[in-house]
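Inspection log for the structure reproduced underneath, given as structure tokens.
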Amino acid sequence: MMSPDQLISSPLFKGSRAAEVTLPFHDSVQLSIERAKAIVQAYSLRVEDVLEAPSAALWDMHIHPIMIVDGAAATFATIQVNLVAGTLSAYLKKQPYLRQVMEDILSFKSLAHYCLTEVGHGLDAVNLETIATALPNGGFDLHTPSDAAAKMMPPTSPCGTPSVGIVFAQLQVEGKACGIRPFIVSFTDGSKVMPGIRIKLLPMRGGTQPVNHSLTYFDHVALPQTALLGAAEHLPPSPNAARLNFLMQNWRAATGALALGSLGIPNLQKAAYIAGRYSQHRTIGPEKTSIITFRTQHTPILIALAQSMVYKEFWKVGVQKFTEKSLDPRIRHAYAAVFKASLIYDAQAANLELSQRLGARGLFQFSELVSQYNGLQGAAIAEGDILGLSIRLASELLLGRYTLPSSTNPSSLLARHEEGLFSEFKRILEQAGHHRSESFNRFVLPHCTRIVRAIGHRMAYDAAIENSLDERASALYLAAAMKQDAAWYILGANMTLADQETVLDSAIEAALPLLDQWLANTGMEPYAQVPVLSPQHWQPFVDELPEFHDDQIIGEFSRIPRL
Numbered sequence: 003m004m005s006p007d008q009l010i011s012s013p014l015f016k017g018s019r020a021a022e023v024t025l026p027f028h029d030s031v032q033l034s035i036e037r038a039k040a041i042v043q044a045y046s047l048r049v050e051d052v053l054e055a056p057s058a059a060l061w062d063m064h065i066h067p068i069m070i071v072d073g074a075a076a077t078f079a080t081i082q083v084n085l086v087a088g089t090l091s092a093y094l095k096k097q098p099y100l101r102q103v104m105e106d107i108l109s110f111k112s113l114a115h116y117c118l119t120e121v122g123h124g125l126d127a128v129n130l131e132t133i134a135t136a137l138p139n140g141g142f143d144l145h146t147p148s149d150a151a152a153k154m155m156p157p158t159s160p161c162g163t164p165s166v167g168i169v170f171a172q173l174q175v176e177g178k179a180c181g182i183r184p185f186i187v188s189f190t191d192g193s194k195v196m197p198g199i200r201i202k203l204l205p206m207r208g209g210t211q212p213v214n215h216s217l218t219y220f221d222h223v224a225l226p227q228t229a230l231l232g233a234a235e236h237l238p239p240s241p242n243a244a245r246l247n248f249l250m251q252n253w254r255a256a257t258g259a260l261a262l263g264s265l266g267i268p269n270l271q272k273a274a275y276i277a278g279r280y281s282q283h284r285t286i287g288p289e290k291t292s293i294i295t296f297r298t299q300h301t302p303i304l305i306a307l308a309q310s311m312v313y314k315e316f317w318k319v320g321v322q323k324f325t326e327k328s329l330d331p332r333i334r335h336a337y338a339a340v341f342k343a344s345l346i347y348d349a350q351a352a353n354l355e356l357s358q359r360l361g362a363r364g365l366f367q368f369s370e371l372v373s374q375y376n377g378l379q380g381a382a383i384a385e386g387d388i389l390g391l392s393i394r395l396a397s398e399l400l401l402g403r404y405t406l407p408s409s410t411n412p413s414s415l416l417a418r419h420e421e422g423l424f425s426e427f428k429r430i431l432e433q434a435g436h437h438r439s440e441s442f443n444r445f446v447l448p449h450c451t452r453i454v455r456a457i458g459h460r461m462a463y464d465a466a467i468e469n470s471l472d473e474r475a476s477a478l479y480l481a482a483a484m485k486q487d488a489a490w491y492i493l494g495a496n497m498t499l500a501d502q503e504t505v506l507d508s509a510i511e512a513a514l515p516l517l518d519q520w521l522a523n524t525g526m527e528p529y530a531q532v533p534v535l536s537p538q539h540w541q542p543f544v545d546e547l548p549e550f551h552d553d554q555i556i557g558e559f560s561r562i563p564r565l
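In this note's numbering, the protein residues as written are 3 to 565.
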């Protein structure tokens with residue numbers, strides 16, 4: 003069995019970029035599934051590795067650069083390992099027969115699906131409509147009562163491998179609501195959909211490796227008693243019972259927020275590496291001046307590198323907090339939400355800007371930055387939509403339901419920024435009188451992601467200082483974070499725009515001599531062999547492209563009919 007570092011040199015991952023982006027949909031999906039299987043198997047994950055406090059192997063898998071070679075493969079891998087196997091692990095003690103199901107999932111003998119959200123209930127999943135009715139003689143009737151209740155996104159269409167899934171449904175027992183409960187359901191035997199299940203394959207997402215995302219419907223599917231995960235208990239008679247039950251059943255999504263957010267670190271490294279090496283080779287003018295010398299070119303590359311280093315330190319803290327069982331679960335989940343919200347935002351911004359620094363070639367999927375950006379769009383929504391996570395977290399903090407640890411560098415600009423925003427919106431909440439008021443809706447909700455990112459920037463900077471990261475990286479991270487809310491620093495820290503630009507300029511000047519070293523330190527060379535990397539990479543790519551000349555067509559296209 004190969005190690006994770008060896009996978010990139012294996013035939014499964016070392017294909018032609020030109021050929022890979024033109025693969026038929028089904029072939030591309032199959033390739034991604036095989037890659038996901040290879041990634042998971044490389045970590046030799048066992049049932050014990052995915053329990054409530056996951057082992058280091060699960061976290062390490064999500065931060066390894068092999069996970070961003072193929073975004074679809076990463077999607078399949080994290081669904082298998084974290085969402086499905088991880089959810090099942092919570093019920094293993096009382097339902098030991100689930101161990102075999104988990105082992106089949108971790109070995110990819112079965113493909114796994116996580117069916118929570120519905121067409122009509124995305125962030126409103128607590129009000130999902132799929133219903134599971136307890137039958138008098140045992141077992142359950144699983145049913146989709148309306149088109150709005152179709153399960154949205156899970157890749158449930160047949161792929162040649164037997165598949166199972168966790169389906170969340172409203173449990174009804176003797177006419178009484180028992181809240182949302184998870185059920186383990188068999189979907190396909192590999193090629194054929196099981197009776198009563200109907201699946202519609204969605205068109206592929208744009209600009210990224212395809213996943214067979216689908217809409218899934220249940221027409222009175224008969225489930226055995228053993229399909230229910232947990233016990234069929236009635237909800238307690240309290241106003242928040244349904245919501246608290248939903249959060250308890252969907253607990254694994256919080257692990258996913260931290261795990262999926264982790265992908266932003268190798269994503270930043272790869273984007274910086276591709277743009278950096280391209281910029282070192284790309285020259286202009288008769289003097290053949292390398293464009294890396296221009297401030298507009300090396301600034302976003304250096305910032306992305308600094309961000310990847312600082313977020314790596316934040317990741318270490320986040321994993322430690324998340325696996326600390328004695329810590330209040332709300333605070334553990336808060337760390338995951340803050341980490342994901344701040345890192346994914348910065349990684350998306352970096353990929354968008356750096357793709358533009360590649361010129362026209364940055365528009366194409368073969369350059370990978372646009373694909374990475376689109377992949378991050380999915381990560382921003384999956385396992386807890388960043389907007390939804392931010393609204394809930396910011397609201398709870400403003401309401402004082404719990405507090406996060408204070409800054410270890412309270413005099414830093416980022417700590418002052420966090421405190422300033424919190425005080426400002428706390429005052430707005432007090433004037434509004436209630437977090438469900440129209441004033442709160444208009445003046446606080448639109449800024450919740452801004453509040454959470456401010457917390458994330460402070461926490462990431464604190465982690466970098468605490469772990470003695472190169473101060474040139476932490477200083478550049480700070481200067482870049484300030485630019486995201488320049489107006490506050492003018493009013494809250496008495497720093498003019500000129501002052502802020504001076505801080506950024508000094509940080510860039512200090513980091514610039516380290517650019518080549520920082521690029522090499524990413525370890526991204528084997529994972530970023532894209533056509534734009536250098537002239538030596540570009541020519542073989544061009545040689546493989548379909549070619550038109552005279553009356554002949556060379557390549558995969560058929561002759562165009564003459565009109």
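Think of the CB as a built atom: it goes at the ideal place given N, C-alpha and C, for glycine as much as any other residue.
In the same chain as ARG363, and ignoring 5 residues on each side of it, the C-beta atoms closer than 6 angstroms to its own belong to SER369, VAL534, in chain order.
Three or more Cβ pairs closer than 8 angstroms define a contact, and the stretch 61-78 falls short of that threshold against the stretch 244-252. In the assembly as shown, GLY386 is a buried residue. Its beta-carbon has 16 or more other beta-carbons within 10 Å. For LYS95, the secondary structure class from DSSP, reduced to helix, strand or coil, is coil. Scanning the stretch 345-398 from its first residue to its last, the whole alpha helix (DSSP H) runs of 4-plus residues come out as 371-383. Annotation: the continuous alpha helix (DSSP H) that includes ILE510 extends over 499-513.
If one requires a minimum length of 3 residues, the beta strand (DSSP E) runs lying completely within the stretch 34-119 are 113-117, in chain order. Following the DSSP letters along the chain, one finds GLN251 inside the alpha helix (DSSP H) bounded by residues 243-251. The three-state reading of DSSP puts LYS327 in coil, since its state is none of H, G, I, E or B.
One alpha carbon belongs to LEU90, the other to LEU60, and they sit about 15 angstroms apart. Of the candidates ILE133, ASP126, VAL175, ALA171, the residue whose Cα lies closest to the Cα of GLY140 is VAL175. With a 10 Å radius around the Cβ and a threshold of 16 neighbouring Cβ atoms, MET3 comes out exposed.
Here ALA308 has ALA475, LEU478, TYR479 as same chain residues with Cβ atoms under 6 angstroms from its own Cβ, once five neighbours each way along the sequence are excluded.
Annotation for PRO302: ALA352, GLU355, LEU356, ARG359 place their beta carbon closer than 7 angstroms to its own, counting only its chain and skipping 5 residues before and after. Residue state for PHE424 is assigned as helix, using DSSP reduced to three classes. Between the alpha carbons of ALA483 and VAL223 lies a distance of about 51 angstroms. Only exposed fits SER11, as fewer than 16 other CB atoms lie within 10 angstroms of its CB. About 6 angstroms separates the beta carbons of GLY258 and LEU85, which is inside the 8 angstroms limit, making them a contact pair. The bridge partners DSSP lists for PHE543 come to none. With respect to the C-alpha of TYR491, the residue from ALA234, THR24, GLY422 having the closest C-alpha is GLY422. Scanning the stretch 105-185 from its first residue to its last, the whole beta strand (DSSP E) runs of 3-plus residues come out as 113-117, 133-136, 142-145, 165-175. In this structure ILE286 is exposed. Its beta-carbon is surrounded by fewer than 16 other beta-carbon atoms within 10 angstroms. Excluding sequence positions up to five before and after LEU329, its CB lies within less than 8 angstroms of the CB of LYS323, all in the same chain and listed in chain order.
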